[in-house]
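Accompanying notes for the structure given below.
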Amino acid sequence: MSRILSWLAAICLLSLAQTPATAADKEPITVGSILDETGGLNVYGKSMADATKLAIQSINESGGVLGRPLKLVMYDAQSDNAKYTTYANQLVLRDKVSVVMGGITSASREAIRPVADRYKTLYFYNEQYEGGVCDKNAFLTGIVPSQQIAPLVDWAIRNGKKKFYVLAADYNYGHISADWVKQYVAKAGGTVIGTDFIPLDVSEFGSVISKLQEAKPDVVLSLLVGGNHIAFYRQFAAAGLSSRMQIVSATFGLGNEQVVLSPKEASGIVVAFPYFQELGGADNDTFRAAWKKAYGDHYPYITDSAVAVWNGWHLWAMAVAKAGSTDRDKVIGALESGIAFDSPSGKVSMDAGTHHLVQNVHIARANETHGFTVIGEQQAVAPSYERSVCDLKARPNTARQFTPSAGAN
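For the sequence shown, the working numbering gives the first residue as -5, with consecutive numbering after it.
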């Protein structure tokens, strides 16, 4: 009897050895994410975290990468930049990830990027930002000012609005973006008649409203950021300014402000992003269906930030597959080969010299149903400023940020 059992055991082991391994059976590829899922910036982080989980699930259900599943290590930075530095070190030194994706504010990006550079771990920053980062180790999927602020300014000028007042968050994103506004407004024939920088913890805008009432701009260009700043739009409408001046914004909607605010407070605000939930096309239909299956019927709104995250994970996975390896230099080479992806927002392609995306840009107006109505589109918009200052193919050792007023930081 014991001989029979031994023989059966041997047959079972042989059978298992001859069974082809699935992706789930193979050693996983560990990847990392750091986002703000709690704290004041979770208005952005929630949808980005959800997009991260859905992207990993989507890639794994399609067979993983190189036939291996992705294992996600995810940290909540709790809207604390110091935690970004801590968790970036943990991801690269303890968790040994093949790629780090994360950061929401530009300050959080600059907490992660030096760590990833130091330890030669590939880094993706998947959020709209002020532009100019030029770093061989970093890839940036968010829209930049030449793709976003310039079209917004042009839209306002074409509609007869030439006097601009800028309200910006008081940190590097707001300051650099405000410089871009001045340049684009001057180039388009308009004038910036005032600029205020607002700390992230401010939620009382009485003095700002008074300045706007006195200055009487045609356009308020908002670069406000975070949950506290949503109060501005409510107070602006309550003061009766919505009918007297147009708000255009590079940030409104990324935190689902149009959902939180009433239609009276939000409708009419004009924004520009690659992605809006209302876009047509088979790729967006498929994406929305997957999102609905994962998160239910009552998800507030899928933001552009979420799709920037989705794009980042899929571009990285495609590059690893093309490289045949998770080796950083080989993956960078694949990303610089003109790799492209059919995103929910339309085709996106990685610009080899700048590590930014060439992507479609849509202009939209907040509507009465807590969403957006698309009113314009520009296809395959390149990161033109980044191309003018950054060529990582020719100068691969570059690791700095260029700005409109100060050259390189």
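Built from N, CA and C at the ideal position, the CB exists for glycine as well.
In the DSSP assignment, find the unbroken beta strand (DSSP E) run with residue i in it and report its ends.
{"i": "Thr24", "result": "23 to 29"}
{"i": "Phe191", "result": "185 to 192"}
{"i": "Ile143", "result": "Note, Ile143: premise wrong, no beta strand (DSSP E); alpha helix (DSSP H) at 139 to 152."}
{"i": "Ala105", "result": "Careful: Ala105 lies outside any beta strand (DSSP E), inside the alpha helix (DSSP H) at 100 to 112."}
{"i": "Leu161", "result": "157 to 163"}
{"i": "Gly96", "result": "93 to 96"}
Mind checking who residue i pairs with in its DSSP beta bridge?
{"i": "His350", "result": "Leu134"}
{"i": "Ala266", "result": "Ile357"}
{"i": "Thr46", "result": "In the DSSP output, where bridge partners are listed per residue, Thr46 has none listed."}
{"i": "Ile241", "result": "Val214"}
{"i": "Gln395", "result": "Val127"}
{"i": "Ala334", "result": "Ser343"}
{"i": "Val59", "result": "Arg62"}
Could you compute how far the alpha carbon of residue i sits from the alpha carbon of residue j?
{"i": "Gly318", "j": "Cys128", "result": "26 Å"}
{"i": "Tyr165", "j": "Leu194", "result": "8 Å"}
{"i": "Ala388", "j": "Ser197", "result": "46 Å"}
{"i": "Ala15", "j": "Met312", "result": "Residue confidence for Ala15 is low, a pLDDT of 49 falling below 50, so the modelled location carries little weight; the figure read from the coordinates is stated next. About 21 Å."}
{"i": "Ala393", "j": "Pro377", "result": "17 Å"}
{"i": "Ile192", "j": "Gly327", "result": "41 Å"}
{"i": "Leu29", "j": "Val94", "result": "11 Å"}
{"i": "Asn294", "j": "Gly26", "result": "It should be noted that the sequence gives Pro, not Asn, for residue 294. Spanning the two alpha carbons is a distance of roughly 26 Å."}
{"i": "Ser382", "j": "Pro398", "result": "11 Å"}
{"i": "Leu386", "j": "Ala132", "result": "11 Å"}
{"i": "Trp304", "j": "Glu121", "result": "11 Å"}
{"i": "Trp174", "j": "Ala244", "result": "12 Å"}
{"i": "Ile203", "j": "Val265", "result": "21 Å"}
{"i": "Cys384", "j": "Pro390", "result": "10 Å"}
{"i": "Gln240", "j": "Tyr269", "result": "22 Å"}
{"i": "Leu60", "j": "His364", "result": "41 Å"}
{"i": "Ala232", "j": "Phe158", "result": "21 Å"}
{"i": "Val86", "j": "His292", "result": "36 Å"}
{"i": "Arg238", "j": "Ser92", "result": "52 Å"}
{"i": "Ile53", "j": "Ala43", "result": "16 Å"}
{"i": "Gly347", "j": "Lys114", "result": "19 Å"}
{"i": "His308", "j": "Gln207", "result": "47 Å"}
Considering only residues of the same chain and omitting the five flanking positions on each side of residue i, which have a CB-CB separation below 7 Å?
{"i": "Ala172", "result": "Val160, Ala162, Thr189, Leu217"}
{"i": "His350", "result": "Leu134, Val138, Pro377, Glu380"}
{"i": "Val254", "result": "Ile224"}
{"i": "Pro478", "result": "Because the chain spans -5 through 403 in this model, residue 478 falls outside it and cannot be assessed."}
{"i": "Arg228", "result": "Leu255, Glu259"}
Give the range of the alpha helix (DSSP H) segment to which residue i is assigned.
{"i": "Asp298", "result": "298 to 317"}
{"i": "His169", "result": "166 to 182"}
{"i": "Asp323", "result": "322 to 329"}
Reducing DSSP to helix, strand and coil, say where residue i ends up.
{"i": "Phe366", "result": "strand"}
{"i": "Leu35", "result": "coil"}
{"i": "Tyr69", "result": "strand"}
{"i": "Arg88", "result": "helix"}
{"i": "Asp279", "result": "helix"}
{"i": "Phe404", "result": "The structure shown does not extend to residue 404, since the chain is modelled only from -5 to 403, so the question has no answer here."}
{"i": "Tyr117", "result": "strand"}
{"i": "Ser216", "result": "strand"}
{"i": "Val253", "result": "helix"}
{"i": "Thr79", "result": "helix"}
{"i": "Gln372", "result": "strand"}
{"i": "Ala15", "result": "Per-residue confidence for Ala15 stands at a pLDDT of 49, beneath the threshold of 50, marking its modelled position as unreliable; no derived number is given."}
{"i": "Gly340", "result": "strand"}
{"i": "Asp385", "result": "coil"}
{"i": "Leu273", "result": "coil"}
{"i": "Val196", "result": "coil"}
{"i": "Leu64", "result": "strand"}
{"i": "Leu206", "result": "helix"}
{"i": "Asn222", "result": "coil"}
{"i": "Ser236", "result": "coil"}
{"i": "Ser41", "result": "helix"}
{"i": "Lys258", "result": "helix"}
In chain order, what residues of the same chain have a beta carbon less than 8 Å from the beta carbon of residue i, not counting five sequence neighbours either side?
{"i": "Glu371", "result": "Asn354, Val355, His356, Ile357"}
{"i": "Asn222", "result": "Gly34, Leu194, Asp195, Val196, Ser197"}
{"i": "Ala101", "result": "Asn75, Tyr165, Asn166, Tyr167"}
By Cβ distance below 6 Å, which residues in the same chain neighbour residue i in space, the five residues on each side in sequence not counted?
{"i": "Tyr119", "result": "Gly97, Arg103, Leu134"}
{"i": "Tyr38", "result": "Ile98, Leu248, Gly249, Ser299"}
{"i": "Val147", "result": "Tyr178, Val179, Ala182"}
{"i": "Ser(-4)", "result": "Here Ser(-4) scores only 40 on pLDDT, less than 50, and its place in the model is too uncertain to base an answer on."}
{"i": "Ser337", "result": "Asn305"}
{"i": "Asn36", "result": "Asp30"}
{"i": "Ile50", "result": "Leu64, Leu66"}
{"i": "Phe281", "result": "Pro338"}
{"i": "Gln141", "result": "Val355, Val375"}
{"i": "Ala45", "result": "Ala300, Val303, Trp304"}
Closest Cβ-Cβ distance between residue i and chain C: below 9 Å?
{"i": "Leu273", "result": "Absent here is chain C; the protein component of the structure consists of one chain."}
Examine the ligand COA and report whether any of its heavy atoms sits within less than 8 Å of the Cβ of residue i.
{"i": "Val186", "result": "The model depicted lacks the ligand COA and carries no ligand whatsoever."}
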